[in-house]
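A.B. asks: Sharing a structure, written as structure tokens. Questions coming.
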Amino acid sequence: MPGESKALDTGFAKPMRGVDRADFPAQTSRAEPLQDLQYLSAEPLETEAEKPPETQLEEPQTKIARFAPWLIATGAFTLYALISILRYERRESMSWDLGIFTEAVRDYAHFQAPMTGIRGQDMNLLGDHWHPVLMLLGPFFRVFPTPITLLVAQSVLLALAAVPLTRTAIDLVGRHQGYAIGIAYGLSWGVVQAANFDFHEVAFAVPALAFSLCAYIRGEYRKTILWALPLLFVKEDLALLVPIIIALVVARTRFTGRRVTQGATLVSGVALGVLTTSFLVKIVIPHFNPNGVYEYWNEGGCLDPKLHAGVGKLLTCVPQQFMNGIGDKERTILMTLVPVAFVALRSPLVLLAVPALVARFVNVMPSYWGTDFHYSVVPMVVVFAAAIHGLILMKESRERKDSREQERPQTWLRSLGDAQLKHGAVAMLAIAAALTQSFPLQDLLHHQTWFPTARAQAIKRAEAKVPSGVTVETTIEMLPALAARTQTLWIGNPNIIDAPEYEAFDLDRTGWYGQSSPLEFVRTRHPSYDYEEVFADSVNNVYVFKRIG
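Under the working numbering, the first residue of the sequence shown is numbered 157, with each subsequent residue one higher.
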């Protein structure tokens with residue numbers, strides 16, 4: 157209307173600071189003071205006393221929620237570092253892996269190819285498995301040249317996954333539920349087992365997979381793909397997941413509501429993943445292997461190209477391999493789902509755990525079937541992400557139900573979902589805490605965990621007798637410390653070509669065949685050379701010999 161303010165015409169009022177109330181028309185009603193205040197300022201005025209209680213508490217709660225994921229991750233890191241470093245100090249290595257990776261990272265630290273004599277003389281470790289991601293540890297090892305560097309790095313990587321998992325649960329499920337889920341992940345047996353098992357390159361996959369899946373849950377699809385890409389450089393079997401995750405993103409963003417097209421996209425992702433892993437196994441790894449082969453085909457049983465005779469035989473023998481040790485395999489599947497109170501089954505993301513489980517169960521080696529070592533850490537991350545996603549899906553389903561006028565009949569599955577939604581996070585935390593009594597975290601409560609035995613002290617004295625830079629043949633418990641500063645060989649390898657300059661071993665772990673003395677044992681291993689004793693602890697059966705001819 158003519159004469160009215162343009163601010164009123166456009167639907168908003170510009171702030172009018174310093175304007176005297178007398179400038180307004182006298183007929184302005186005193187009964188509408190809020191309208192006058194809104195006219196003076198675009199922002200409504202509100203005193204501190206008028207703020208509702210939840211607004212006053214919002215800032216501290218936000219700070220707690222923001223820092224909680226990092227606090228949980230720090231606690232998890234402390235536990236992982238303790239159990240792994242204390243095991244190393246007790247010289248109780250479970251395999252040769254920590255020694256192998258220490259030797260490889262040491263070479264990377266000096267810009268050399270990862271030649272690992274522990275695995276076999278003249279063995280490039282990239283010809284064993286595909287894990288160039290280990291190069292990232294080189295600079296840290298250059299500053300701190302000890303196996304503990306690898307153990308600390310592994311603890312950081314395993315604990316870091318708690319950050320996206322906890323934060324996503326806090327934001328999308330609920331604050332207290334998020335805390336419970338984050339702590340449950342930190343205590344989960346699959347992650348603890350990985351921390352307890354020396355060192356393994358799969359630790360790099362844990363935070364990458366957690367960040368990727370949590371980004372997918374949040375709908376941040378570019379981050380989903382970017383976080384998944386590093387899996388291509390962690391291990392050949394993990395490369396399978398990258399095209400599958402990309403296919404998940406494409407199916408959700410490009411083909412929403414088109415079930416057939418989405419299914420075809422996911423099948424294409426699986427096929428591309430298989431091709432990617434096949435390329436690494438058949439082309440890349442044999443290129444670095446001194447024998448030009450992939451060393452692990454024999455563990456696949458009838459999958460070994462030398463053994464199977466066509467598709468027909470594969471269709472009969474592969475199911476038989478799956479059925480072998482079915483009790484152990486069933487227990488592993490059950491134990492994978494128990495820490496998340498089976499909530500992961502509510503999300504399709506749980507299917508991403510299938511490739512890792514299938515690869516283990518088709519293997520003919522029983523050590524892959526159970527809950528030992530580090531093999532369950534990748535499925536564990538997947539099921540925790542899937543559990544968070546499952547809770548979100550159930551929450552959204554209930555909200556849609558509340559918005560409808562007519563409710564659907566309450567089925568047993570829906571009742572179960574209601575219970576999972578209400579108590580699932582607490583159940584995860586309770587289960588994780590209970591299972592710590594059956595897995596390595598409970599070792600921290602025992603006195604002997606914190607103090608090396610007399611045998612461990614003898615092994616450390618023996619290690620000190622071996623000069624840096626020499627070639628030494630040794631047993632598993634001495635491998636890591638010596639691999640950090642010598643050219644190390646494992647005494648159990650039959651393919652040692654050149655006699656080492658030193659022999660250092662715990663006689664009880666050498667496979668000693670009852671020769672008349674430890675010196676005679678060394679001479680039997682290398683009959684063309686002679687050795688002299690430089691250290692002996694006959695009580696603990698620990699010895700060091702030096703080659704003299």
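Each residue gets a CB set at the ideal place from its N, CA and C atoms; glycine is no exception.
Computed from a predicted model, the values in this text were never measured in an experiment.
Since V628 sits in a beta bridge, which residues does DSSP pair it with?
C.D. replies: T644, Y658
A.B. asks: For A395, does the count of other Cβ atoms within 10 angstroms reach 16, so buried, or fall short, so exposed?
C.D. replies: buried
A.B. asks: Excluding the 5 residues preceding and the 5 following Q598 in the sequence, name in chain order all residues of the same chain whose CB lies nearer than 6 Å to its CB.
C.D. replies: So the list reads T592, once near-sequence residues are dropped.
A.B. asks: Return the CA-CA distance between Y531 and G346, expressed in angstroms with no decimal places.
C.D. replies: 8 Å
A.B. asks: Express the C-alpha separation of T218 and V175 in angstroms, rounding to a whole number.
C.D. replies: Note that V175 has pLDDT 39, beneath the 50 cutoff, so the model's placement of it is unreliable and no number is given.
A.B. asks: Taking all protein chains shown into account, do 16 or more other C-beta atoms lie within 10 angstroms of the C-beta of E657, making it buried, or fewer, making it exposed?
C.D. replies: buried
A.B. asks: What whole-angstrom Cβ distance do E455 and V520 have, given they're in contact under 8 Å?
C.D. replies: With a Cβ gap of about 6 Å, E455 and V520 count as contacting.
A.B. asks: What is the DSSP secondary structure of R703, reduced to helix, strand or coil?
C.D. replies: strand
A.B. asks: Should W646 be labelled buried (16 or more other beta-carbon atoms within 10 Å of its own) or exposed?
C.D. replies: buried
A.B. asks: Does DSSP put F691 in a helix, in a strand, or in coil?
C.D. replies: strand
A.B. asks: Could you name the residues that DSSP lists as bridge partners for V534?
C.D. replies: In the DSSP assignment, V534 forms no beta bridge with any residue.
A.B. asks: If you follow the alpha helix (DSSP H) that G448 is in, where does it begin and where does it stop?
C.D. replies: Unbroken run through G448: none, as it is neither H nor E.
A.B. asks: Would you say I373 and I402 are within 7 Å of each other, going by their C-beta atoms?
C.D. replies: no
A.B. asks: In whole angstroms, what is the alpha-carbon distance linking Y699 and I632?
C.D. replies: 14 Å
A.B. asks: From the DSSP output, which residues share a beta bridge with V698?
C.D. replies: D662, D693
A.B. asks: So, with DSSP's three-state summary, where would you put M491?
C.D. replies: helix
A.B. asks: For H285, collect the residues of the same chain with a Cβ closer than 8 Å to its Cβ; drop the 5 residues on either side in sequence, then sort them by chain order.
C.D. replies: Contacts found: E357, K391, E392, I441.
A.B. asks: Around the Cβ of P623, are there at least 16 other Cβ atoms within 10 angstroms (buried) or fewer (exposed)?
C.D. replies: exposed
A.B. asks: Does the separation of the CB atoms of P683 and G255 fall below 7 Å?
C.D. replies: For P683 and G255, no; Cβs fall outside 7 Å.
A.B. asks: With distances taken from CA atoms, which of Q310, F353, R247 is nearest A232?
C.D. replies: Q310
A.B. asks: Classify N447 as buried or exposed, calling it buried when 16 or more other Cβ atoms lie within 10 Å of its own Cβ.
C.D. replies: With fewer than 16 Cβ atoms within 10 Å of its Cβ, N447 is classed as exposed.
A.B. asks: By the three-class DSSP mapping on this structure, what secondary structure does N519 have?
C.D. replies: coil
A.B. asks: Taking C473 as the reference, give the member of D460, D484, G483 with the closest Cα.
C.D. replies: The shortest Cα separation from C473 among D460, D484, G483 belongs to D460.
A.B. asks: Let me check understanding here. Comparing Cα to Cα, which of R611, E376, F389 lies closest to V695?
C.D. replies: It is R611 whose Cα lies nearest to the Cα of V695.
A.B. asks: Go to D263, then tell me how far its alpha helix (DSSP H) extends in each direction, as first and last residue.
C.D. replies: Judged by DSSP secondary structure, D263 falls within the alpha helix (DSSP H) whose first and last residues are 253–265.
A.B. asks: Check whether the Cβ atoms of S344 and P495 lie closer than 7 Å to each other.
C.D. replies: The Cβ atoms of S344 and P495 sit closer than 7 Å to each other.
A.B. asks: Taking only three categories from DSSP, how would you classify M250?
C.D. replies: coil
A.B. asks: Which runs of the alpha helix (DSSP H), 4 residues or longer, sit entirely within the stretch 372–435?
C.D. replies: 377–384, 397–410, 415–435
A.B. asks: Among D693, Q268, G276, which residue has its Cα nearest to the Cα of E451?
C.D. replies: Ranking D693, Q268, G276 by Cα distance to E451 puts G276 first.
A.B. asks: Helix or strand or just coil, what does DSSP make of M271?
C.D. replies: strand
A.B. asks: What does the alpha-carbon distance come out to for the pair R570 and Q576?
C.D. replies: Rounded to whole angstroms, R570 to Q576 spans 10 Å at the Cα level.
A.B. asks: Would you verify that the beta carbon of F661 is, or is not, closer than 7 Å to some beta carbon of chain B?
C.D. replies: No chain B appears in the structure shown, which is made up of a single protein chain.
A.B. asks: So what does DSSP say about N649, is it helix, strand or coil?
C.D. replies: coil
A.B. asks: Measuring straight from C-alpha to C-alpha, what distance separates P504 and L387?
C.D. replies: Taking the straight line from one Cα to the other gives about 20 Å.
A.B. asks: Does the beta-carbon of K702 have 16 or more other beta-carbons within 10 angstroms, so that it is buried, or is it exposed?
C.D. replies: Under this definition K702 is a buried residue.
A.B. asks: From the DSSP secondary-structure annotation, give me the bridge partner or partners of N480.
C.D. replies: Residue pairing of N480 in beta bridges, as defined by DSSP: absent, with no partner found.
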